[in-house]
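J.: Residue numbers (the numbering used here), protein chains in the order written: chain A, 23 to 160; chain B, 23 to 160. Ideal placement from N, C-alpha and C gives every residue a C-beta, glycine not left out.
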DNA sequence: TCCTTATTGAAAATCATTTTCAATAAGTAT
DNA sequence: ATACTTATTGAAAATGATTTTCAATAAGGA
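1. Here's the rule I'm using: 16 or more other beta-carbon atoms within 10 Å means buried, otherwise exposed. How should residue 54 (chain B) be labelled?
2. Taking the straight line between their C-alpha atoms, what separation do you get for residue 119 (chain A) and residue 68 (chain B)?
3. Under 7 angstroms Cβ to Cβ from residue 35 (chain A), same chain only, skipping five residues before and after it: list those, please.
4. Who are the neighbours of residue 144 (chain B) on chain A, taking C-beta pairs under 8 angstroms?
5. Ignore the nearest five residues each way along the sequence and tell me which others in residue 45 (chain B)'s own chain have a CB closer than 8 angstroms to its CB.
6. Can you tell me the Cα-Cα spacing of residue 64 (chain B) and residue 94 (chain A), whole angstroms?
7. With residue 123 (chain A) and residue 114 (chain A) assumed to form a contact (beta carbons below 8 angstroms), what rounded beta-carbon distance in angstroms separates them?
8. Using 8 angstroms as the cut-off, can you tell me whether the stretch 147–160 of chain B makes contact with the stretch 144–155 of chain A, which would need three or more C-beta pairs spanning the two stretches below that distance?
9. Tell me which same chain residues have a C-beta within less than 7 angstroms of the C-beta of residue 41 (chain A), skipping the five on either side of it?
10. Just mark residue 56 (chain A) as buried or exposed, buried being the case when its beta carbon has 16 or more other beta carbons within 10 Å.
11. Looking at residue 128 (chain A): is its Cβ nearer than 8 angstroms to the Cβ of residue 133 (chain B)?
12. So is residue 171 (chain A) in contact with chain B if we call contact Cβ pairs under 8 angstroms?
13. Along the stretch 62–96 of chain B, where does the CB come closer than 8 angstroms to a CB of chain A? Name the residues.
14. What is the DSSP secondary structure of residue 122 (chain B), reduced to helix, strand or coil?
15. Looking at the strands, I want to know which residues DSSP matches up with residue 153 (chain A).
16. At a Cβ threshold of 8 angstroms, is residue 55 (chain A) touching chain B?
17. What residues of chain A sit near residue 103 (chain B), judged by a beta carbon separation below 8 angstroms?
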């Protein structure tokens, strides 16, 4: 999804379009790896010098709320964000460079049914994330 | 695995067995849901009043290093720990009470092969976690 | 162009975690 | 049992990430 569509989403939800938000949106939208708030800050500040870190936090919060970005969980920490996948997609992360790819087509129905039967749980959701090496790093 | 086996593991790896460690180990080992360091502190202090929070952090660090516990990732945060599963197992968490169950038998080979082919990534590892409602909470 | 009010950045506050340090106690040697 | 070495401890301070506060600014409708 292009950055403009993100800004439109923000506007449609009653948020104002500011230079700060534009800088953050453009940064996160065009980066294909997960970024921490400080990384976003450093990168976005090149577009808009006066940007404050607090505003980065606040903007990321809104983008997550609108499901335009999602938090990425990794062994080293869980404070990074990446442009969200569309629909039911999962993340595949390169262990070396962090490059992210989304994939779909995970049919876990058979698995979850078996587990529901065994454990007595009603299964509502799943998190699946793959780690590997991207074509470049391999 | 009983608490004694955890203590033995600690001893075998050159760590001393102290009242503080016993209290932490017994707390985490017998709890079937993920606990944050502060929760462990509060619970373990009932067994050993003089326990300090810092020691809880240090003990959890060692237990994780020995793979006796593992960090649990959840939407609300990723600072909680739970007794580790044995071998290649995944977690199933109750959304209501946090009750955890482990399961195995996730054969993702077919899926990962297909994704490797499509994305060009070499896939090394996966994280799978299920969320649902346990028999009690359903 | 004006006006209302959401948004801003800076500073301070908060919260989780880590480091520092002198006192204590495990576990081995005696 | 006793002494001794040194890992471990808890408290306090330091750090690092995130959130709150607040007065100044600037979006965007009137």
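T.: With the structure as the only source:
1. exposed
2. 46 angstroms
3. 88
4. 154, 155, 160
5. 66, 67, 69, 70, 73
6. 30 angstroms
7. 5 angstroms
8. yes
9. 70
10. buried
11. yes
12. It is not possible to answer for residue 171 (chain A), since the shown part of chain A is limited to 23 through 160.
13. 95
14. strand
15. A:115, B:147
16. no
17. Within 8 angstroms Cβ-Cβ: nothing; residue 103 (chain B) doesn't reach chain A, min ~14 angstroms.
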